[in-house]
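For what it's worth, the UniProt record's numbering labels the leading residue of the sequence shown as 1, then goes sequentially. No residue lacks a Cβ here, since even glycine has one placed at the ideal position from N, Cα and C.
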Amino acid sequence: MICTRCNRAGTGAEKGFYFEQEQLSSSDRYNEYIMTALRTTWGVDFNIIQERFGAELLSYLKEQIQQISNNLIEETAIGFKLSTAGMNVADTVISECFWVKN
């Protein structure tokens, strides 16, 4: 598990640096990576998926992107990213890549 800290209230030193902490499971960290990476110009790096989350999630992700319309994603040298059309429906594409336990 990895902890994240965030200052949701936007307070500073004058208010004691209040922050919240949460424990993220491996699947939560995977989903966070997918959500964040697909919103960048670089997209998702398959090597990062393999190193951080293992072969099972890499295989799962590759299966998921095979089901996404080709005009929504673009292959890169190291993975994939959203196309211009994909950016318009980013939330839908991202949710298709999420790992959801049943």
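Item to check | Simplified DSSP state of Lys81, which is helix, strand or coil | outcome: Within the sequence shown, numbered from 1, the residue matching residue 81 stands at position 81. Lys81 falls in the strand class under three-state DSSP.
Item to check | Enclosing alpha helix (DSSP H) for Leu58 [first to last residue] | outcome: Start at 1 with the first residue of the sequence shown, and residue 58 comes out as number 58. From DSSP, the alpha helix (DSSP H) with Leu58 extends over Ala55 to Gln66.
Checklist entry - Cα separation between Ala55 and Tyr30? => result By 1-based counting over the sequence shown, the position of residue 55 is 55. By 1-based counting over the sequence shown, the position of residue 30 is 30. Using only the alpha carbons, I get a separation of about 12 Å.
Checklist entry - Near Gly79, which residues of its chain fall below 7 Å by C-beta distance, leaving aside the five closest residues on each side in sequence? => result In the sequence shown, residue 79 corresponds to position 79, counting from 1. The residues are Gly43, Val44, Asp45 and Phe46.
Item to check | Test: Thr41 CB closer than 8 Å to a CB of chain D | outcome: Absent here is chain D; the protein component of the structure consists of one chain.
Checklist entry - Are Ser83 and Leu72 close, meaning C-beta to C-beta below 8 Å? => result Mapped onto the sequence shown, residue 83 falls at position 83. Mapped onto the sequence shown, residue 72 falls at position 72. It is a contact, given that the beta carbons lie within the stated cut-off.
Checklist entry - What does a CB cutoff of less than 6 Å around Met35 pick up in its chain, not counting 5 residues either side in sequence? => result What you label residue 35 is simply residue 35 of the sequence shown in a count that begins at 1. Excluding residues within five positions, the ones whose Cβ falls inside 6 Å are Ile94.
Next on the checklist: Going by DSSP in three states, Val44 sits in which element: helix, strand or coil?
Outcome noted: Residue numbering aside, residue 44 sits at position 44 when the sequence shown is read from its first letter. In this structure, Val44 counts as strand in the three-state DSSP scheme.
Item to check | Close beta carbons around Thr41, own chain, < 8 Å, minus the five adjacent residues each side | outcome: Residue 41 sits at position 41 when you count from the first residue of the sequence shown. Within its own chain, the residues whose Cβ lies closer than 8 Å to the Cβ of Thr41, once the five positions on either side in sequence are excluded, are Lys81, listed in chain order.
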